[in-house]
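Here the structure comes first, spelled out in structure tokens, and everything after it is commentary.
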Amino acid sequence: MKSDKKKKRLIFRTAVLLVLIGAVVTTLVSSFRDDSNVVKAGDLAPNFKLKQVNGEETFELKELRGKGVMLNFWATYCDPCKEEMPYMEQLYPEYKEKGIEILAVSLDTTELVVKNFIEDYNLTFPIVHDQRGDVMDLYKIGPIPTTFFINPEGEVVRVIQGPLTLERLESYFQEILPEQNNS
Amino acid sequence: MNKIKCECGHVNPEGTVLCEACGKPVEKNQHIDGNEKNKLLNMRYDGSARRSQTYNKTIVDKTWNFFSSVKVGVWLIVLALVASAIGTIFPQEMYIPRSVDPSQYYRDEYGIFGQLYYELGFHNLYGSWWYILLIALIGVSLVICSIDRVVPLHRALKNQRPKRHEVFIQRQRLFGKTEKVSKDDIKTFIEQLRKKNYKISEDQGHVLAEKNRFSRWGPYVNHIGLIIILIGAILRFFPFMYVDEFVFVREGETKVIPGTNQQYYIENKDFILELYDPEEEEKFAEAIVQEGGMVPKNFQTNAVIYQVKGEVVPGAEPELEKMKEGEIRVNEPLKFNGYALYQSQYQLNEFKSMSFKLHPADNPDDAIGTFTFDMTDPKKEYDLGNGYRVVVDQYFPELKLENGVPSSESNYPRNPAFIFFVYGPDIEERETSFLAIGANIDPGEDNRYKLSLDGVEMRDVTGLAVQKDRTLPIFAAGAIIFMIGVVQGMYWQHRRIWIHPKEQGVWIAAHTNKNWHGLKRDIKSALDQTSINPPEDQQELS
Numbered sequence: 003m004k005s006d007k008k009k010k011r012l013i014f015r016t017a018v019l020l021v022l023i024g025a026v027v028t029t030l031v032s033s034f035r036d037d038s039n040v041v042k043a044g045d046l047a048p049n050f051k052l053k054q055v056n057g058e059e060t061f062e063l064k065e066l067r068g069k070g071v072m073l074n075f076w077a078t079y080c081d082p083c084k085e086e087m088p089y090m091e092q093l094y095p096e097y098k099e100k101g102i103e104i105l106a107v108s109l110d111t112t113e114l115v116v117k118n119f120i121e122d123y124n125l126t127f128p129i130v131h132d133q134r135g136d137v138m139d140l141y142k143i144g145p146i147p148t149t150f151f152i153n154p155e156g157e158v159v160r161v162i163q164g165p166l167t168l169e170r171l172e173s174y175f176q177e178i179l180p181e182q183n184n185s
Numbered sequence: 020m021n022k023i024k025c026e027c028g029h030v031n032p033e034g035t036v037l038c039e040a041c042g043k044p045v046e047k048n049q050h051i052d053g054n055e056k057n058k059l060l061n062m063r064y065d066g067s068a069r070r071s072q073t074y075n076k077t078i079v080d081k082t083w084n085f086f087s088s089v090k091v092g093v094w095l096i097v098l099a100l101v102a103s104a105i106g107t108i109f110p111q112e113m114y115i116p117r118s119v120d121p122s123q124y125y126r127d128e129y130g131i132f133g134q135l136y137y138e139l140g141f142h143n144l145y146g147s148w149w150y151i152l153l154i155a156l157i158g159v160s161l162v163i164c165s166i167d168r169v170v171p172l173h174r175a176l177k178n179q180r181p182k183r184h185e186v187f188i189q190r191q192r193l194f195g196k197t198e199k200v201s202k203d204d205i206k207t208f209i210e211q212l213r214k215k216n217y218k219i220s221e222d223q224g225h226v227l228a229e230k231n232r233f234s235r236w237g238p239y240v241n242h243i244g245l246i247i248i249l250i251g252a253i254l255r256f257f258p259f260m261y262v263d264e265f266v267f268v269r270e271g272e273t274k275v276i277p278g279t280n281q282q283y284y285i286e287n288k289d290f291i292l293e294l295y296d297p298e299e300e301e302k303f304a305e306a307i308v309q310e311g312g313m314v315p316k317n318f319q320t321n322a323v324i325y326q327v328k329g330e331v332v333p334g335a336e337p338e339l340e341k342m343k344e345g346e347i348r349v350n351e352p353l354k355f356n357g358y359a360l361y362q363s364q365y366q367l368n369e370f371k372s373m374s375f376k377l378h379p380a381d382n383p384d385d386a387i388g389t390f391t392f393d394m395t396d397p398k399k400e401y402d403l404g405n406g407y408r409v410v411v412d413q414y415f416p417e418l419k420l421e422n423g424v425p426s427s428e429s430n431y432p433r434n435p436a437f438i439f440f441v442y443g444p445d446i447e448e449r450e451t452s453f454l455a456i457g458a459n460i461d462p463g464e465d466n467r468y469k470l471s472l473d474g475v476e477m478r479d480v481t482g483l484a485v486q487k488d489r490t491l492p493i494f495a496a497g498a499i500i501f502m503i504g505v506v507q508g509m510y511w512q513h514r515r516i517w518i519h520p521k522e523q524g525v526w527i528a529a530h531t532n533k534n535w536h537g538l539k540r541d542i543k544s545a546l547d548q549t550s551i552n553p554p555e556d557q558q559e560l561s
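Here the protein sequences come in this chain order: P and F. Residue 10 in my numbering sits at position 8 of the first sequence, and the numbers go up by one each step. Residue 380 in my numbering sits at position 361 of the second sequence, and the numbers go up by one each step.
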């Protein structure tokens, strides 16, 4: 009977401690989760649908499954964004062949400035316009440029804040290449 | 783990200081409450076993015993207090300028200590992991300390017998002997106590009169309230319980409301700012003028809330259904489905549209045509009729010049500038004009035609705080329970009087957890009609 009571006490204490540890861990984990970037590496990239500015297509992210996607948030008034645009343009034709799509989401308010920019920089990769800021809110974009590298399964592999160099851009493309081209 | 059997027959758990039934001190445990040095018994938790060292075998028991220590609890609270105090030395992150990188700001402003402050997370104290952990550990300590004390105390108070051991009686703070006493006197005493709402229990002539035992549970009720408040604080981390966001909406604009999973949109129909008029408010006229005349009396947003119909696909044109329309003023939020929108900021006079007219450079009155550039929906090209047209080569919402190269600072038309190309039947190729606020430049200085500003339309921007707080009822419940506990423990006292008959006389002892004066008065007035000696305060005597 003695050991029975002891056992009961142990079970009770273990149960209480487990509940408390659970509460502490949830608190700590959730306090980290609401950092500036809600979408982070390992997450499934949230779906969205935006119209192309330099073309007639409408892009829905989930329809690009099977391809690696570089999702770049930028704006015409952001100087570091302008730096990386030529690199993207330079690599686009080669990597489009290999199964990678670039999607540059402009956070400008007017399409006019985006169109002017595309003309000035001769950009051919798809540029979409998030006029109401829906997608910006969805991805909780803080400073720009912010770039998400999404693998063919639709999972975010890497999140980069700040401008990219040509070398780094190319190495990140390698990470999201579809299977058949990897060998 | 040996149970301790008292001579009265009661079996006490290990660690008991005073027998739960008769109160006889358990000899080997007197050091726990420091009774060996004192004449009086320490009545804390009625001498019941709090935490037993003998269960210290598994990791679970070790952890349990660690948190069961009040000493540990107090240290955790002291650490949290010290950390909170340090957190006030330099400003918190939310109060430093937004444009600077915090890691640099603290180093530049406050030197090495500032950098340390930042590295250790003091700049965002309530969000730093170790602070949250510290508070969480206080919560753990609170729960385990309470469980480890309320259970044994409850046991001890439930088990107590009217018949107590002589040593227990003698070593109470209030104790008195009467050598000779009549049965009637004792009866009168008991009757008087009963009138004073004491509960009487009897065992072989030994009597226990007890009152307001429930006040002993005050601290535990109080702790339950604190734990509920902590649970409320934890729930604030979950978006379905708590949302705190901010959104700027321009007049005429419809925007997604952040923190609502893209379910709701808001349209800013109109923003109104009313100022105090120095002529109407004679009393304050001087003060208003001193403030530059800009003292807002009211600022409000007339808003419409929309809900998205059907599936939400962010970015795609949503199908919106009007849900609510209302005015948002300071302290008068617009509420819908658990969310509340609070008026919190505004920016006045952003450009909404600018009208231009084209005229010969030497004759401003002879207009060839006009057009309106709408900042919310600008066109690439404007047809002025008669073969004249204007093409917008560049539009800079907020002009900045770097080495003479124009670009835009932001999205917002605060300082718009344009490069226009003018085409016409009598213009050879095209004429270029650069227009900005306070500037109208003809780069080639040979333009035949000139574009002039003909009118502007301004609009305001409202800044709204988006809040959802389902944790408030939890905080309220916690606070109420907390207060009930405080009142319960503060305004009532657990008073006990033991009547211990001797051959000819009687011993009387009494104990209370506070307000000894009240207890003494109770006893004195109950003994008024009798020859029994009132017990003396042994603490005052020594």
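A virtual CB, placed ideally from N, CA and C, is assigned to each residue, including glycine. No experiment lies behind these values; they were computed from the predicted model shown.
Check	Outcome
Residues in the segment 137-159 of chain P having any Cβ partner in chain F nearer than 7 angstroms	137, 139 and 140
Alpha-carbon spacing of residue 92/F relative to residue 493/F, whole angstroms	24 angstroms
The segment 266-276 of chain F contacting the segment 354-373 of chain F, beta-carbon criterion three pairs below 8 angstroms	yes
Residues in the segment 78-96 of chain P having any Cβ partner in chain F nearer than 8 angstroms	78, 79 and 81
DSSP three-state assignment for residue 272/F, whether helix, strand or coil	coil
Paired residues, beta bridge with residue 290/F - DSSP	320/F
Neighbour flag for residue 30/F against chain P, beta carbons, 8 angstroms	no
Beta-carbon gap between residue 347/F and residue 319/F smaller than 8 angstroms	yes
Bridge partners - residue 72/P, DSSP secondary structure assignment	104/P and 151/P
Contact check, residue 369/F vs residue 468/F, beta carbons under 8 angstroms	no
Distance between residue 388/F and residue 404/F (C-alpha atoms, nearest Å)	7 angstroms
Test item: CB-CB of residue 393/F and residue 427/F under 8 angstroms	no
Residues that residue 490/F contacts on chain P, provided the C-beta gap is smaller than 8 angstroms	Going along chain P, no residue has its Cβ under 8 angstroms from residue 490/F, so there is no contact; the nearest lies around 13 angstroms.
Residue 50/P at chain F interface by Cβ criterion, 8 angstroms	yes
Helix, strand or coil at residue 39/P according to DSSP, with G and I counted as helix	Any reading at residue 39/P needs caution, since the residue's pLDDT is 46, under 50, leaving its predicted position unreliable; the model's value is listed next. Coil, per DSSP.
Other residues of its chain near residue 26/P: CB distance less than 7 angstroms, five sequence neighbours each side excluded	none
Nonlocal neighbours in the same chain, by C-beta distance under 7 angstroms from residue 512/F, ignoring five residues either side	231, 234, 531, 532, 533, 534 and 537
Burial state of residue 94/F, where buried means 16 or more other Cβ atoms lie within 10 Å	exposed
Length of the line joining the Cα atoms of residue 423/F and residue 436/F	14 angstroms
Simplified DSSP assignment, three categories, for residue 107/F	coil
Test: residue 516/F CB closer than 8 angstroms to a CB of chain P	no
Contact with chain F by residue 29/P, beta-carbon distance below 8 angstroms	yes
Near-chain P residues of the segment 304-335 of chain F (beta-carbon distance less than 8 angstroms), N- to C-terminal order	332, 333, 334 and 335
C-beta contact flag for residue 42/F and residue 69/F at 8 angstroms	no
Which residues DSSP lists as bridging residue 161/P, in chain order	150/P
Alpha-carbon to alpha-carbon, residue 45/F and residue 27/F	12 angstroms
Contacts of residue 413/F in chain P (Cβ-Cβ under 7 angstroms)	118
Given residue 374/F as reference, the closest of 197/F, 329/F and 454/F once Cα atoms are compared	454/F
Cβ pair residue 481/F, residue 350/F closer than 8 angstroms	no
Residue-chain proximity (residue 281/F, chain P), Cβ-Cβ < 8 angstroms	yes
Whole-Å CB distance - residue 128/P paired with residue 57/P, under 8 angstroms assumed	6 angstroms
Contacts that residue 274/F makes with chain P (C-beta to C-beta distance below 7 angstroms)	134 and 135
Between the CA atoms of residue 498/F and residue 489/F - distance to the nearest angstrom	15 angstroms
Among 329/F, 209/F and 141/F, the one whose alpha carbon lies nearest that of residue 110/F	141/F
Through-space distance from residue 189/F to residue 55/F, alpha-carbon basis	14 angstroms
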